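**Q** The sequence shown begins at 1 in the UniProt record's numbering and counts up one residue at a time. C-beta atoms are modelled at their ideal positions from N, C-alpha and C, and glycine is treated no differently. All values reported here derive from a predicted model rather than from experimental measurement. Quick one: this structure, given as structure tokens, is what I'll be asking you about.
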Amino acid sequence: MWIGYKILIVSHLITEIWAEKQYLSQREVDPGADFTRNHTILEGTRFKRAIYKGQYCRSFGCCEDRDDSCVTQFYEVNALCYCDTFCERENSDCCPDYKSFCRGEKEWLPHTTPWYTEGCLRDGQHYEEGSVVKENCNSCTCSGQQWKCSQHVCLVEPELIDHVNKGDYGWTAQNYSQFWGMTLEEGFKYRLGTLPPSPMLLSMNEVTAVPAIIDLPEFFVAYYKWPGWTHGPLDQKNCAASWAFSTIGYCGIFLNYITSLLIPHRLVSHACYPLLKDQNTTNNACAMASRSDGRGKRHATKPCPNNIEKSNRIYQCSPPYRVSSNETEIMKEIIHNGPVQAIMQVHEDFFHYKSGIYRHVTSTNEKSEKYRKLQTHAVKLTG
């Protein structure tokens, strides 16, 4: 009797081992083209399958990360479906019950959109291989069922705008459509346009306004004191000419008493002359014919070539002087003598400024140095 039990137990163990080997051998054998298992690491290479309700992950369990063995036969469509977290992609190949069983979420509805074995999907739209789409300042190309995008830092950062507006920084940010699509490098190159102050400028003595003490109003704008002789902000476009616009802005108020022809375009004209040193100025409206007097000065030899002013009269401003950086001294200067020209340091967040008192805000995200930039910009202070 004891021998009979041992024979029965041994026979049962042999049967279990044989069944396990059969199960393992079946998973190791390549099932063929209709039952392929993908071992590559590229996200876009799994075929996309139709979704059909059934018991899949509930029967075989769930897996973390990418596990190509965490798979079951999708009999209804003669394909495979997966129960690993890697299947949670735009082109999902999860089993129908993955979301409800492995994530405890609501069941997916049957997928009615056709799957594509070629091309790429973006926002629910199918694109053919080789298609190129623009995403802000970056271009994305569909290649091998994946989007390959350039990695430029954009001038407009929605995350930074949201960060500023949610924080208590004293100013609000905005997304300006004219900056959308520009890189950070392009913004600093074309939207500013002033060199850092020279050592000679920084060594100038500061001029203090007199009287030393004055009752300053809480609100003052130069336009109200000199109506018609000053103007609001001008758009320099992509001309990198803040030096010209700010210069005309502060000295134009005085020369406008004499002539109304002093505008920024007289300095920069077409193609941003004279910033482009190789620019041909033969047909430039302000390329006056002149000659040198041998002492470092040039004199006009014929009238300014335009249809408005025929005289050879030349207007000049008084030599520039440096005003103290003290806020009170700047206020006195504006009240007594009109707008002043100032140079400021511009950070990447300044291009989002809308209202309030600006101060540089560093994003909480740990980003590389390519997201940070600093350059000088010239402005006109009117009040």
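1) State the Cα-Cα distance for the pair G167 and P319, rounded to the nearest angstrom.
2) What is the DSSP secondary structure of L155, reduced to helix, strand or coil?
3) Using the C-alpha atoms, what's the distance from C140 back to W229?
4) Kindly give me the distance between the Cβ atoms of T194 and A378, rounded to whole angstroms, as I take these residues to be in contact under 8 Å.
5) Measure the alpha-carbon distance for T45 versus S177 and round it to whole angstroms.
6) For Y371, which residues does DSSP report across the bridge?
7) Tell me whether E206 sits in a helix, a strand or coil according to DSSP, three-state version.
8) In chain order, what residues of the same chain lie with their CB nearer than 8 Å to the CB of F220, ignoring the 5 residues before and after it?
9) Which word fits C70, buried or exposed, when buried means at least 16 other C-beta atoms lie within 10 angstroms of its C-beta?
10) For K189, collect the residues of the same chain with a Cβ closer than 8 Å to its Cβ; drop the 5 residues on either side in sequence, then sort them by chain order.
11) Among residues of its own chain, excluding the 5 on either side of V340, which ones have a beta-carbon nearer than 8 Å to its beta-carbon?
12) Examine the Cβ distances between the region 152-172 and the region 342-351 and report whether three or more of them are shorter than 8 Å.
13) How far does the beta strand (DSSP E) with I334 in it extend, from its first residue to its last?
14) Would S143 be called buried (16 or more neighbouring beta carbons within 10 Å of its own) or exposed?
15) Do C81 and F74 have their CB atoms nearer than 7 Å?
16) On a Cα-Cα basis, can you pick out the residue from H360, L374, S355 that is closest to I173?
17) Report the partner residues of L121 according to the DSSP bridge assignment.
18) Are there 16 or more other CB atoms within 10 angstroms of the CB of Y56, so buried, or fewer, so exposed?
19) Apart from the five residues on each side of it in sequence, which residues of its chain come closer than 7 Å, Cβ to Cβ, to E135?
20) Below 6 Å, is the gap between the Cβ of C87 and the nearest heavy atom of the ligand NAP?
21) R58: which of G181, D93, G104 sits nearest, CA to CA?
22) Under the DSSP definition of a beta bridge, which residues are partnered with T382?
23) Taking A342 as part of the beta strand (DSSP E), name the residues at either end of that continuous run.
24) Which partner residues of Q146 appear in the DSSP bridge assignment?
25) In chain order, what residues of the same chain lie with their CB nearer than 6 Å to the CB of S246, ignoring the 5 residues before and after it?
26) Which residue comes first and which comes last in the alpha helix (DSSP H) that contains E185?
27) Using the Cα positions of L234 and C120, report the straight-line distance between them to the nearest angstrom.
28) Compare the C-alpha of N238 against each of C102, L192, W226 and name the closest.
29) Rounding to the nearest angstrom, what Cα-Cα distance links E129 and D97 in this structure?
30) Measure from the alpha carbon of N205 to the alpha carbon of each residue in S325, L374, H360, Y353, then state which is nearest.
31) Excluding the five sequence neighbours on either side, which residues of its own chain have a C-beta within less than 6 Å of the C-beta of V133, listed in chain order?
32) DSSP on E76, reduced to helix/strand/coil?
**A** According to the data block:
1) 44 Å
2) L155 falls in the coil class under three-state DSSP.
3) 49 Å
4) 4 Å
5) Reliability fails at T45, whose pLDDT of 43 lies under 50, so the model's placement of it is uncertain and the value that follows must be treated cautiously. Straight-line Cα distance between these residues: approximately 37 Å.
6) According to DSSP, which records beta bridges pairwise, Y371 is partnered with nothing at all.
7) Strand.
8) M331, I334, I335, G383
9) buried
10) Excluding residues up to 5 positions away in sequence, A240 lie with their Cβ nearer than 8 Å to the Cβ of K189 in the same chain.
11) Y250, V323, I330, E333, I334, K380, L381
12) The region 342-351 and the region 152-172 touch, with three or more beta-carbon pairs separated by less than 8 Å.
13) That residue, I334, is in no beta strand (DSSP E); its alpha helix (DSSP H) goes 327-337.
14) exposed
15) yes
16) Strictly speaking, residue 173 in this sequence is Ala, with Ile absent from that position. Out of H360, L374, S355, the CA that lies nearest to the CA of A173 is found in S355.
17) Its beta-bridge partners are H126.
18) buried
19) C149
20) As for the ligand NAP, it is missing from this structure, which has no ligand bound.
21) Of G181, D93, G104, the smallest CA-CA separation from R58 is found for G104.
22) Looking at the DSSP assignment, T382 forms no beta bridge with any residue, so it has no partner.
23) 340-347
24) S143
25) Q341, A378, V379, K380
26) From DSSP, the alpha helix (DSSP H) with E185 extends over 184-190.
27) 44 Å
28) L192
29) 31 Å
30) S325
31) C140
32) helix
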